[in-house]
Every structure is written in C-alpha cells, then in structure tokens.
Amino acid sequence: MVTIADVKNVQTSWNSIKDKWETDHGLNFYTTLFDDVPEIKSAFVKAGNKTDYQVKGQAVRFGRMVTEWIDNLDNEEALVAKINGMCATHRTRGITNVDLFEVALGELVKYIAGKTSFTKAQRESWAVVNGCIIQTMRNYF
Ligand code: HEM
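In this note's numbering, the protein residues as written are 954 to 1094.
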C-alpha cells in the first residue's frame, strides 16, 4: 500500500531533478539505460531513434509521463488511466514485457539516487510506488 509519506518521498526526490530532466538528466539517463539494457536500446533503434537529438526527444516524453504519474500518486483513478494509456501505446509496438518496464523504473531510481542525496526512506518509498505501478501494468498486459 502506498502511504501519504511514500507519495511525499517520491514527489520530493523526483521534483528535485525534474527541472533539469529535459536539459540534462533525460539524455544522460537514456544513455545509461541503453548501456545497461540492450533489449530496451534495440526497441528504440528499431523505432528509428539513432541520434542523440532523437533519444533526447524520447527522454523528454518519458520524463513528462513520469511526472504525470508522480503528480497523480494520490489519485488512483487518474494514475491507473495514465499507466494504462502508456501500456496501450507500447502494446501497439509489440512491447508488452513488464519485466523490461520494471528494469527501466529500477534504472530510474538508480539514476536519481546517484544525482540526489537519496534518503533510505525515499529509496523504500520508490520501491513501494514502483511496485504498484508495475502491478498496474501486469493487470493491463
Ligand atoms: C516506465 C517505463 C516507460 C515509460 C514511462 C515510457 C514512456 C514512453 C512515452 C511517453 C513514449 C512516447 C509516447 C508513445 O509513443 O508511446 C514512449 C515511446 C516509446 N517507448 Fe516507452 N516508456 C517506458 C518503457 C519502455 C520500455 C521498457 C521500452 C522497450 C522495451 C520502451 C520503448 C518505447 C519505444 C520503442 C517508443 C517509441 C519510440 C519512437 O516512436 O521513436 N518504453 N515511451
């Protein structure tokens, strides 16, 4: 169960890097993500993303989606609708392996932890929140 404290912990840590996501962090995150998870990289290459400019565009879209989720952690109906919407667009591309989404969110936590003074409580809250997001995806797929 996601508590009010979890919502606050996740929002605080995401908000602390969000403002520089589109200028700095987004492309850095995707570069690391692609290095760590070749299967995710190949899905993007297959979709035509070859240049940093293109990947940065994807990072911006990813960041905006994450922001929408995090802003709505206390609004279950809206959150589920947004997650399901993302699942639907990915399913049209044949991307339905929830394990890969789980890995991507784990990489995001790792990235944020490396850029902020992540507290133990924040780390634990991300685990709870990501668990709920992933469960919503499993229900969808
Ligand atoms: C929490 C995890 C993820 C989030 C928030 C996310 C979000 C998004 C968003 C917002 C878009 C653009 C809108 C759209 O066309 O759907 C997108 C596109 C895409 N995503 Fe994801 N995604 C995630 C995970 C993944 C994973 C795990 C893969 C691959 C295995 C993937 C592959 C793609 C591809 C190939 C595109 C299209 C790229 C293009 O059109 O050039 N995504 N994603």
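Each residue gets a CB set at the ideal place from its N, CA and C atoms; glycine is no exception.
*Own chain residues within Cβ distance below 8 Å of residue 1025, not counting five before or after*: Closer than 8 Å at Cβ, skipping near neighbours: 1031, 1032 and 1035.
*Would residue 1005 be called buried (16 or more neighbouring beta carbons within 10 Å of its own) or exposed?*
exposed
*asked:* For residue 962, count the other beta carbons within 10 Å of its own beta carbon; 16 or more makes it buried, fewer makes it exposed. Which is it?
replied: buried
_In chain order, each beta strand (DSSP E) run of at least 3 residues that lies wholly inside the segment 969–1041_ = none
*In the DSSP assignment, find the unbroken alpha helix (DSSP H) run with residue 1095 in it and report its ends.*
In this structure the chain extends from 954 to 1094, so residue 1095 is not present and cannot be described.
*Does the beta-carbon distance from residue 966 to residue 1048 come in below 8 Å?*
no
_is_contact[residue 1028, chain C] using C-beta, thresh 8 Å_ = Annotation note: the requested chain C is absent from the structure, which comprises a single protein chain.
*asked:* Assuming residue 1081 and residue 1027 are in contact, meaning their beta carbons sit under 8 Å apart, how far apart are those beta carbons, in whole angstroms?
replied: So it is not a contact: roughly 14 Å between Cβ atoms.
_Tell me which residue opens and which closes the alpha helix (DSSP H) that residue 1089 is part of._
1073–1093
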